[in-house]
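Numbering (my numbering), first residue to last: 5 to 296.
Glycine residues also receive a C-beta, built at the ideal position from the N, C-alpha and C atoms.
Everything on this sheet refers to the single structure shown next.
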């Protein structure tokens with residue numbers, strides 16, 4: 005059983021919030037434990053038991069208590085952050101990453117600030133990790149409260165109205181995969197030096213949708229006009245793609261192919277998992293492009 009410095013049993017030394025903070029703190033402050041002891045932490049939930057043999061000699065309980073008293077904001081300052089709003093959490097993770105990366109001493113050393121990786125945060129872990137990042141932010145409660153109020157006000161302004169994004173269908177797997185590829189492949193990053201993490205195309209459409217909306221909200225930080233123009237161009241590109249893939253944009257063409265050409269076309273159809281029509285269109289587009 006875990007005991008304090010006087011040998012008294014400690015039955016519930018840490019709350020869930022404190023456990024997440026401690027895990028985040030130790031991740032960016034590995035010297036707080038002897039070499040190798042961070043590897044003994046199996047999970048955030050078991051961190052108390054995993055570190056029980058180091059609890060007293062490293063003063064961990066005192067560390068948690070002092071940090072909680074000097075750095076933890078009261079719950080009411082965090083009420084605007086919703087555990088069920090993945091769009092907001094993704095936006096906030098990326099905003100925190102930018103804010104914490106540009107602040108330098110004498111405020112604090114940015115290398116000691118914990119920021120969750122937006123690509124590795126599972127949906128059910130985003131909220132506690134966002135709160136842990138805020139708790140682990142090594143600034144005073146007064147400065148932290150002011151910064152969180154700025155985030156809250158920015159979030160209210162940054163959200164794109166539903167009527168402007170109703171063309172995005174979070175249940176449309178094809179559209180969500182296209183949108184992730186479109187956002188990741190555009191030249192926006194070079195022109196605006198924007199930082200944002202996107203998921204792999206293997207994730208569920210629902211989570212892709214949250215990332216897409218989180219990014220579009222994130223563009224408000226550059227300027228409202230940039231956000232509006234980017235969304236309009238994205239919508240137009242999707243509309244053109246839908247038309248090109250529709251039967252309205254196609255006309256029947258008849259031509260003969262050799263047996264070898266047909267076999268090659270069959271092989272490409274199986275390998276690429278798209279229709280023969282699409283394969284021919286892609287090959288024609290590549291041929292025309294190479295002549296320019």
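Return the first residue and the last residue of the alpha helix (DSSP H) that residue 153 is part of.
In the chain shown, counting from the first residue as 1, residue 153 sits at position 149. Unbroken alpha helix (DSSP H) run through residue 153: 145 to 162.
For residue 224 and residue 172, believed in contact at Cβ under 8 Å, the rounded distance
The count along the chain shown starts at 1 and reaches residue 172 at position 168. The count along the chain shown starts at 1 and reaches residue 224 at position 220. Their Cβ separation, rounded to whole angstroms, is 17 Å, which puts residue 172 and residue 224 out of contact at 8 Å.
Give a yes or no on contact between the stretch 82 to 98 and the stretch 155 to 165, applying the rule of three or more CB pairs nearer than 8 Å.
yes
So, is residue 34 buried or exposed, given that buried needs 16 or more other C-beta atoms within 10 angstroms?
On the chain shown, position 30 is the one that residue 34 refers to. That one is exposed.
Within 9 Å of any Cβ in chain C, is that where the Cβ of residue 261 sits?
Any reference to chain C falls outside this structure, which holds one protein chain only.
Quick test of your reading: residue 27 and residue 51, contact by CB under 8 Å. State the CB separation rounded to the nearest angstrom.
As a first step, residue 27 must be located in the chain shown, where it is residue number 23. As a first step, residue 51 must be located in the chain shown, where it is residue number 47. With a Cβ gap of about 6 Å, residue 27 and residue 51 count as contacting.
Environment of residue 119 [buried if 16+ CB atoms lie within 10 Å]:
Here residue 119 refers to the residue found at position 115 when the chain shown is read from its first residue. By the neighbour-count rule (16 or more Cβ atoms within 10 Å), residue 119 is buried.
Whole angstroms are fine: how far does the CA of residue 144 sit from the CA of residue 108?
Stepping through the chain shown from its first residue, residue 108 is reached at position 104. Stepping through the chain shown from its first residue, residue 144 is reached at position 140. The pLDDT assigned to residue 108 is 49, lower than 50, so where the model puts this residue is not dependable; a value taken from the coordinates is nonetheless given after this. Residue 108 and residue 144: Cα-Cα distance of roughly 15 Å.
So for residue 218, helix, strand or coil by DSSP?
The residue you call residue 218 lines up with position 214 of the chain shown. Three-state DSSP puts residue 218 in a helix.
Would you mind giving the Cβ-Cβ distance between residue 91 and residue 288, rounded to the nearest angstrom? I have them listed as a contact below 8 Å.
The residue given as residue 91 occupies position 87 in the chain shown. The residue given as residue 288 occupies position 284 in the chain shown. With a Cβ gap of about 40 Å, residue 91 and residue 288 do not count as contacting.
Does residue 276 pass the burial test, meaning 16 or more other C-beta atoms within 10 Å, or should it be called exposed?
The residue given as residue 276 occupies position 272 in the chain shown. Per the 10 Å Cβ criterion, exposed.
Roughly how many angstroms lie between the CA atoms of residue 24 and residue 174, to the nearest whole one?
Here residue 24 refers to the residue found at position 20 when the chain shown is read from its first residue. Here residue 174 refers to the residue found at position 170 when the chain shown is read from its first residue. When rounded, the distance between both Cα atoms is 31 Å.
What three-state label does DSSP hand residue 108 in the structure shown?
Taking the first residue of the chain shown as 1, we reach residue 108 at position 104. Only weak support is given to the placement of residue 108: the predicted model assigns it a pLDDT of 49, under 50, and the question is left unresolved by the model.
Would you check if the stretch 128 to 144 and the stretch 181 to 193 touch, i.e. whether three or more CB-CB distances between them fall below 8 Å?
no
Mind checking residue 22: buried by the 16 CB within 10 Å criterion, or exposed?
Working through the chain shown from its first residue, we reach residue 22 at position 18. That one is buried.
Who are the Cβ neighbours of residue 152 in its own chain at under 8 Å, not counting the five residues just before and after it?
Along the chain shown, read from residue 1 onward, the residue named residue 152 stands at position 148. Closer than 8 Å at the Cβ level, and outside the excluded window around residue 152, lie 77, 81, 82 and 138.
Distance between residue 135 and residue 226 (C-alpha atoms, nearest Å):
Translated into the one-based positions of the chain shown, residue 226 becomes position 222. Translated into the one-based positions of the chain shown, residue 135 becomes position 131. In a straight line, the C-alpha of residue 226 is about 25 Å away from that of residue 135.
In angstroms with no decimal places, state the Cα-to-Cα distance between residue 85 and residue 222.
As a position in the chain shown, residue 85 is number 81, starting the count at 1. As a position in the chain shown, residue 222 is number 218, starting the count at 1. Going by the C-alpha atoms only, they are around 16 Å apart.
May I ask which residues mark the beginning and end of the alpha helix (DSSP H) holding residue 134?
In the chain shown, residue 134 corresponds to position 130, counting from 1. 127 to 139 is the span of the alpha helix (DSSP H), which, as asked, contains residue 134.
Please name the residue in 272, 269, 155 and 147 whose C-alpha comes closest to that of residue 102.
The count along the chain shown starts at 1 and reaches residue 102 at position 98. Closest option to residue 102, Cα to Cα, is 155.
Measuring CB to CB, does residue 168 end up less than 9 Å from residue 235?
One-based indexing of the chain shown puts residue 168 at position 164. One-based indexing of the chain shown puts residue 235 at position 231. Yes; because the gap between Cβ atoms is below 9 Å, this pair is in contact.
Distance CB(residue 261)-CB(residue 283) smaller than 9 Å
Translated into positions along the chain shown, residue 261 becomes position 257. Translated into positions along the chain shown, residue 283 becomes position 279. The answer is no: Cβ separation not under 9 Å.
Length-filtered (4 minimum) alpha helix (DSSP H) runs lying within the stretch 55 to 88:
64 to 75
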